[in-house]
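Residue numbers (the working numbering): 696 to 799.
Glycine included, C-beta positions come from ideal geometry on N, C-alpha and C.
Each remark here refers to the structure printed beneath this line.
Take a look at the structure:
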């Protein structure tokens, strides 16, 4: 999965032609680490029409604050550069795919 930083966020997330699921996570976040296998499956199931981009909250604190993220993991769905859906906390594959599909 692609990772983004404040300097590449415009291109990686806002400039994407696909639906983007932005995974805001941190290395110290146990639920975030637990979601890794789920995100791999979601990536495989949605790669034709969407992409998953990761944002490390422990490194990109300014961008995390700008996005209004208050808990980890947070999943933000972008379409045409705008947030169209969100989910805070660990969740199921079905919930993430559904959240992304609603934006498609």
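| Assigned exposure category for residue 744 - 16 Cβ within 10 Å defines buried | Position 49 of the chain shown, counted from the first residue, corresponds to residue 744. That one is exposed.
| request: Using a threshold of 8 Å, state whether the C-beta atoms of residue 746 and residue 781 are closer than that. | output: As a position in the chain shown, residue 746 is number 51, starting the count at 1. As a position in the chain shown, residue 781 is number 86, starting the count at 1. The Cβ atoms of residue 746 and residue 781 do not sit closer than 8 Å to each other.
| task | List the residues that DSSP assigns as beta-bridge partners of residue 743. | result | Locating residue 743 in the chain shown gives position 48, counting from the first residue. Looking at the DSSP output, residue 743 bridges to nothing.
| field | Simplified DSSP assignment, three categories, for residue 718 | value | Residue mapping note: residue 718 aligns to position 23 of the chain shown, counting from 1. Reduced to three states, the DSSP call for residue 718 is strand.
| request: Enumerate in chain order the residues of its own chain whose CB-to-CB distance from residue 766 is below 6 Å, with the five nearest sequence positions on each side excluded. | output: One-based indexing of the chain shown puts residue 766 at position 71. Cβ within range, chain order: 783.
| Apart from the five residues just before and just after residue 776, which ones in its own chain have a Cβ nearer than 6 Å to its Cβ? | Indexing the chain shown from 1 puts residue 776 at position 81. Same-chain partners within the cutoff: 709.
| field | Beta-carbon separation (whole angstroms), residue 737 vs residue 788, contact threshold 8 Å | value | Mapped onto the chain shown, residue 737 falls at position 42. Mapped onto the chain shown, residue 788 falls at position 93. Correct: roughly 6 Å between the Cβ atoms.
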